[in-house]
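Colleague: Read top to bottom, the protein sequences are chains P and D. 232 is the number that the working numbering gives to position 232 of the first sequence; each next residue is one higher, with no gaps. For any residue, its number in the working numbering is found by taking its place in the second sequence, counting from 1, and adding 386. Let me begin by handing over the structure; questions about it come next.
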Amino acid sequence: MFRKYYKEGFSLNAVFPKVDRREFGFVSFEGQMVRHKGFQNLEEVRVFMQSFVPRDAYYSCAYYENPMAEMERKCWLGADLVFDIDADHIPTPCNKVHDEWICYNCGFAGRGITPKNCPVCNGEKFETSTWLCQDCLDAAKNEAIKLLDILRSDFGFSDKDIHVYFSGHRGYHVHIENELIQGLDSISRKEIVDYICGIGFDGKIGNSTGWHARIRKGLYRFLSKADKEDFIRMGLKRNIVKALLNNREKILMNLEHGEIWRSVKGVGLKTWGKIFDRCAQEEFVKIDTVVTADIHRLVRMPHTLHGKTGFKKVEFQISRMSDFDPFKEAIAFKKGTVKILAYNSPQFRIGEETFGPYKNVRVELPIAAALLLICKGKAEVYQENV
Amino acid sequence: MQPTTVKFTKNDLAKYPFLKEAAEYVKTLDLKIEDIASPEFTQILERAEERIEEAILYAIITRKTRNEEIEILSFPTAIMLAAATQIPFIKRRYALAEAKQAYNNMKNEPPEKILAIANNFRWKITTKIDADAPYQFKLHFTDYLRNTTNLREKKWKLVNRLLKNGNVYLTLNETARLLSEEIRKHMEKRLEIKDLPEFPKKIAEIVEKIKSLTLEKVSRAEIEGISKTQKKDAFPPCIKALYDAASKGRHISHIGRFTLTSFLVNIGMPTENIIELFRNSSDFNERLTRYQVEHIAGERGSRTRYKPPKCDTLKTHGLCIETDETCRKVNHPLTYYKMK
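In structure tokens form, the structure reads like this:
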């Protein structure tokens, strides 16, 4: 199926600059990683991929003097600034439902975000099984929107520097191609990460940094609609909650003029600090911190298929961010059907059509839907018709 | 960006001899090493020697702007002398001292002059036009980040700054501080001269004098890099034993070397100093040691900076030799160090 895609539907028109300076890496269907590959132009890449047919294809965000040399001799020249937003890092109600992990060591299993250490044996390796649904992709999209706002208004990147992609799986990638940031080292990139994630943020309420202004806006939104439960969940006492709710109008008015910390009797700086922190957490962006700081990172190549879904990594205009539909626009195969044996799958949507849930049934599905289930290990081809 | 109309005076060049204009001025005089050793340049040589002495003793350099000519010419001469000692400590210390003095001067300069110095280093900087104080400068975040990696205070973290449209807002004092970082790095680069020329006897003598002054006045620990920032007293017993063994050139097991190196890296000892520490070892191989130390420091390979093993692991490998009061409260050598 992947072969068919790379033969017929695949083109790599001017998707990223400096092809001849980058390292390429490919994972075969047998799970083998081939890296330190180099190509002169995109046509060479395409020809290679047609015969290799990778499950996953990557290129380096870095540019090298010798992209094909071993790591120590590559001679690093610079790198794009890359951000990765993945539902894996965002707590959503849906990953409690459809994401599972099993500890390699002791077999203990759970649902939701995979922990760092197994709660039973402290092991660090897990087998995970994740699914992608509307909710987690929306959560990822929401983070991407926050990220883009910061990149544009705080860091001052223009729309022509910023490239936004759907990753092909559960998230979004943002690449910045701009001369000024190419030379930044790993430590500087980590500072940018910390800025975006709010790590090391000095949360004194009265300060006047960019973050303080942004959080104050969030504070306004929160305070104008928060109910009793919201406050109590934050661990505030009942009498304080009452004071807050009774004085909502006054607080909001004072907030517009900048000062709220003394506006309600009985509500002290400590309480405000709690509320402020909660709003701050909401504003900070949940990105994968490792990816951005890694100046040698291999990232998924645009227009190639994701081995876990059969979806394409696709670029789209920033202005289309809010109405971009990954279940429609990342579909590589639009025609044909295939018969599969589906073991166990939740309900899902491809384009306008909804499928499943399935449990040990034979079904004939459009290729894209069948491919998703097969890539996810939730189905196999039923007849020899592929 | 507004063009800088400020022209540096000769007095400015004496105060900021690292400026391009100062270097150009020196170039016009077309001097050679032999000339500097000649009698008519005695004053310059003396002043150059004094600069480095002041750096070693007080970590700051006085500005004697009354004789501008000597001041300007003694700067490149001092760089040559410091480089000739080939002692990393002296080079670092001299760069630091010049940068510090530049900071002290810049703090009191008008914004236009600060701007002119910043332009000298090709900073993307503008003076802030709108009036909402307290900031006076807008600096592009890439220049900002390049010069804050060594500053540990919370206020320098980008997340705690006002960042708008790619620019970080700075006061004049903060800008001067970041410029002094730039100057320090610029100097360290200039001091990295690889091929040193053959020096006339007079100069070689001065170089020797500076070296012996350093050994005399500065404690060995400090030259090795265990200065204010790294306290040997706070080492846990296991590390202390490894450290002593290394400096005496005794054999240390592989895991022992890893433990010591990763510990020193994590408390901020420069790689250079750590390599020096292993020099006494009988099987010392500089290239290999450098590679391994840099790897552990995260300057190579995976770019992860390794942490030393925890106490349990050290016990397993027989590196935990004795436990004191503090040891009982911690389970990691770095925690021990932090507690002390």
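All residues carry an ideal CB built from backbone N, CA and C; glycine is no exception. Remember, it's a predicted structure, so these values are computed and weren't measured experimentally.
I'd like to know if the segment 583-600 of chain D and the segment 620-634 of chain D are in contact, where contact means that at least 3 CB-CB pairs between them fall below 8 Å.
Modeller: no
Colleague: Thinking C-alpha only, which one of P:VAL164, P:LEU147, P:TYR195 and P:LYS265 is nearest LYS543 (chain D)?
Modeller: Indexing the second sequence from 1 puts residue 543 (chain D) at position 157. Closest by alpha carbon: P:TYR195.
Colleague: Pull up the CB-CB distance for LEU298 (chain P) and TYR58 (chain P), whole angstroms please, since I reckon it's below 8 Å.
Modeller: Residue 298 (chain P) sits at position 298 when you count from the first residue of the first sequence. Residue 58 (chain P) sits at position 58 when you count from the first residue of the first sequence. Indeed they touch by this definition, with Cβ atoms about 4 Å apart.
Colleague: Does ILE318 (chain P) come within less than 7 Å of chain D when only Cβ atoms are used?
Modeller: Numbered from its first residue, the first sequence carries residue 318 (chain P) at position 318. Closer than 7 Å: no.
Colleague: What residue range is occupied by the uninterrupted beta strand (DSSP E) comprising MET321 (chain P)?
Modeller: In the first sequence, residue 321 (chain P) corresponds to position 321, counting from 1. No beta strand (DSSP E) holds MET321 (chain P); DSSP gives it neither H nor E.
Colleague: Using a Cβ-Cβ cut-off of 7 Å (strictly less than) and excluding sequence neighbours within five positions of THR354 (chain P), which residues of its own chain qualify?
Modeller: The residue labelled residue 354 (chain P) in the question sits at position 354 within the first sequence. Cβ neighbours of THR354 (chain P) beyond the five flanking positions: GLN347.
Colleague: What are the complete alpha helix (DSSP H) segments, minimum 4 residues, inside the segment 246-285 of chain P?
Modeller: 248-256 and 269-283
Colleague: Can you tell which of P:VAL193, P:GLY266, P:ALA379 and P:ARG214 has its C-alpha closest to the C-alpha of ASP84 (chain P)?
Modeller: Counted from its first residue, the first sequence places residue 84 (chain P) at position 84. Checking every option, the nearest Cα to that of ASP84 (chain P) belongs to P:VAL193.
Colleague: Kindly give me the distance between the Cβ atoms of ILE625 (chain D) and PHE649 (chain D), rounded to whole angstroms, as I take these residues to be in contact under 8 Å.
Modeller: Walking along the second sequence from the start, residue 625 (chain D) turns up at place 239. Walking along the second sequence from the start, residue 649 (chain D) turns up at place 263. Going by Cβ atoms, the distance from ILE625 (chain D) to PHE649 (chain D) rounds to 5 Å, so yes, they are a contact pair.
Colleague: Over the uninterrupted alpha helix (DSSP H) stretch that includes CYS136 (chain P), give me the two end residues.
Modeller: One-based indexing of the first sequence puts residue 136 (chain P) at position 136. From DSSP, the alpha helix (DSSP H) with CYS136 (chain P) extends over 134-149.
Colleague: For ARG18 (chain P), which residues in the same chain have their Cβ closer than 6 Å to its Cβ, ignoring the five residues on either side in sequence?
Modeller: As a first step, residue 18 (chain P) must be located in the first sequence, where it is residue number 18. Note that residue 18 (chain P) corresponds to Lys in the displayed sequence, not to Arg. Excluding sequence neighbours, LYS18 (chain P) sits near TYR63.
Colleague: Roughly how many angstroms separate the alpha carbons of ILE422 (chain D) and THR428 (chain D), rounded to a whole number?
Modeller: Your numbering for residue 422 (chain D) matches position 36 in the second sequence. Your numbering for residue 428 (chain D) matches position 42 in the second sequence. So the alpha carbons of these two residues sit roughly 7 Å apart.
Colleague: Do LEU556 (chain D) and PHE523 (chain D) come within 7 Å of each other at the CB atom, strictly closer than that value?
Modeller: If you number the second sequence from 1, residue 523 (chain D) lands on position 137. If you number the second sequence from 1, residue 556 (chain D) lands on position 170. With contacts defined as CB atoms closer than 7 Å, PHE523 (chain D) and LEU556 (chain D) qualify as a contacting pair.
Colleague: Cβ of ASP202 (chain P) within 7 Å of Cβ of LYS540 (chain D)?
Modeller: Within the first sequence, the letter at position 202 stands for residue 202 (chain P). Within the second sequence, the letter at position 154 stands for residue 540 (chain D). Against a cut-off of 7 Å, the Cβ pair of LYS540 (chain D) and ASP202 (chain P) comes out as a contact.
Colleague: Ignore the nearest five residues each way along the sequence and tell me which others in GLU435 (chain D)'s own chain have a CB closer than 6 Å to its CB.
Modeller: Counting from 1 along the second sequence, the entry for residue 435 (chain D) is found at position 49. These residues qualify, in order along the chain: ILE592.
Colleague: Is it the case that the Cβ atoms of ILE340 (chain P) and ALA280 (chain P) are separated by a distance below 7 Å?
Modeller: Taking the first sequence and counting its residues from 1, one reaches residue 340 (chain P) at position 340. Taking the first sequence and counting its residues from 1, one reaches residue 280 (chain P) at position 280. No, Cβ-Cβ distance for ILE340 (chain P) and ALA280 (chain P) is not below 7 Å.
Colleague: Does any C-beta atom of chain D lie closer than 7 Å to the C-beta of GLY268 (chain P)?
Modeller: Mapped onto the first sequence, residue 268 (chain P) falls at position 268. Chain D contact via Cβ: absent.
Colleague: Taking all protein chains shown into account, do 16 or more other C-beta atoms lie within 10 angstroms of the C-beta of PHE670 (chain D), making it buried, or fewer, making it exposed?
Modeller: The residue you call residue 670 (chain D) lines up with position 284 of the second sequence. Exposed, by the Cβ-count rule.
Colleague: Cα separation between ARG221 (chain P) and LEU148 (chain P)?
Modeller: Stepping through the first sequence from its first residue, residue 221 (chain P) is reached at position 221. Stepping through the first sequence from its first residue, residue 148 (chain P) is reached at position 148. Cα to Cα, the separation comes out at about 20 Å.
Colleague: Spell out whether any CB of chain P is found under 7 Å from the CB atom of LYS540 (chain D).
Modeller: Mapped onto the second sequence, residue 540 (chain D) falls at position 154. Answer yes: the Cβ-Cβ gap between LYS540 (chain D) and chain P drops below 7 Å somewhere.
Colleague: Taking only the alpha-carbon atoms, compute the straight-line gap between VAL285 (chain P) and SER158 (chain P) and give it to the nearest angstrom.
Modeller: Taking the first residue of the first sequence as position 1, residue 285 (chain P) is located at position 285. Taking the first residue of the first sequence as position 1, residue 158 (chain P) is located at position 158. Taken atom to atom, the span from the alpha-carbon of VAL285 (chain P) to that of SER158 (chain P) is near 20 Å.
Colleague: Check each candidate in D:ARG673, D:THR528 and D:ILE456 and name the one with the smallest Cα separation from LEU415 (chain D).
Modeller: Translated into positions along the second sequence, residue 415 (chain D) becomes position 29. Of D:ARG673, D:THR528 and D:ILE456, the residue nearest in Cα terms is D:ILE456.
Colleague: Below 6 Å CB to CB, which residues in the same chain sit around ASN178 (chain P) once its five sequence neighbours on both sides are set aside?
Modeller: The residue you call residue 178 (chain P) lines up with position 178 of the first sequence. Around ASN178 (chain P): ASP161.
Colleague: Give every residue of the same chain whose Cβ lies closer than 7 Å to the Cβ of GLU658 (chain D), excluding the five residues on either side of it in the sequence, and list them in chain order.
Modeller: For this step, residue 658 (chain D) is matched to residue 272 along the second sequence. Excluding positions up to five away in sequence, the list reads PRO474.
Colleague: Can you check which of these residues, P:GLN40, P:SER345 and P:PHE166, is closest to ALA330 (chain P) by C-alpha distance?
Modeller: Within the first sequence, numbered from 1, the residue matching residue 330 (chain P) stands at position 330. If we check each option's Cα against that of ALA330 (chain P), P:PHE166 comes out closest.
Colleague: What residues of chain D sit near TRP101 (chain P), judged by a beta carbon separation below 8 Å?
Modeller: Your numbering for residue 101 (chain P) matches position 101 in the first sequence. None at all; the shortest Cβ gap to chain D is about 24 Å.
Colleague: Which of the three DSSP states, helix, strand or coil, is assigned to THR709 (chain D)?
Modeller: Position 323 of the second sequence holds residue 709 (chain D). It is coil, neither helix nor strand.
Colleague: What residue does the alpha helix (DSSP H) around ALA109 (chain P) start on, and which one ends it?
Modeller: Here the question's residue 109 (chain P) lines up with position 109 in the first sequence. Taken as a continuous stretch (DSSP letters only), ALA109 (chain P) belongs to no alpha helix (DSSP H), being part of the beta strand (DSSP E) at 109-111.
Colleague: Taking the continuous alpha helix (DSSP H) assigned at ARG189 (chain P), which residues delimit it?
Modeller: As a first step, residue 189 (chain P) is located in the first sequence; it is residue number 189 there, counting from the start. Taken as a continuous stretch (DSSP letters only), the alpha helix (DSSP H) holding ARG189 (chain P) covers 186-197.
Colleague: For my contact list, VAL15 (chain P) and PRO302 (chain P) are in at a C-beta cut-off of 8 Å; report their separation, rounded to the angstrom.
Modeller: Sequence index remark: in the first sequence, residue 15 (chain P) carries index 15 (1-based). Sequence index remark: in the first sequence, residue 302 (chain P) carries index 302 (1-based). Yes, VAL15 (chain P) and PRO302 (chain P) are in contact; Cβ-Cβ is about 5 Å, under 8 Å.
Colleague: Mind listing the chain D neighbours of PHE201 (chain P)? Cutoff is C-beta to C-beta under 9 Å, in chain order.
Modeller: Along the first sequence, one-based indexing puts residue 201 (chain P) at 201. In chain order: LYS543, VAL545 and ASN546.
Colleague: Does the beta carbon of THR561 (chain D) come closer than 7 Å to any beta carbon on chain P?
Modeller: Position 175 of the second sequence, counting from 1, holds the residue named residue 561 (chain D). Not one chain P Cβ lies under 7 Å of THR561 (chain D).
Colleague: At a Cβ threshold of 7 Å, is SER11 (chain P) touching chain D?
Modeller: In the first sequence, counting from the first residue as 1, residue 11 (chain P) sits at position 11. No, SER11 (chain P) lies away from the interface with chain D (no Cβ there is under 7 Å from its Cβ).
Colleague: Indicate whether ASP529 (chain D) and LYS514 (chain D) have their beta-carbon atoms separated by less than 7 Å.
Modeller: Translated into positions along the second sequence, residue 529 (chain D) becomes position 143. Translated into positions along the second sequence, residue 514 (chain D) becomes position 128. Contact flag unset, no.
Colleague: Count the other CB atoms, across all protein chains shown, that sit within 10 Å of the CB of CYS94 (chain P); report buried if there are 16 or more and exposed otherwise.
Modeller: Locating residue 94 (chain P) in the first sequence gives position 94, where the first residue counts as 1. Within a 10 Å sphere around the beta-carbon of CYS94 (chain P) sit 16 or more other beta-carbons, which makes this residue buried.
Colleague: Using beta-carbon positions only, say whether ASP86 (chain P) and ARG170 (chain P) come within less than 7 Å of one another.
Modeller: Residue numbering aside, residue 86 (chain P) sits at position 86 when the first sequence is read from its first letter. Residue numbering aside, residue 170 (chain P) sits at position 170 when the first sequence is read from its first letter. In terms of Cβ geometry, ASP86 (chain P) and ARG170 (chain P) form a close pair [threshold 7 Å].
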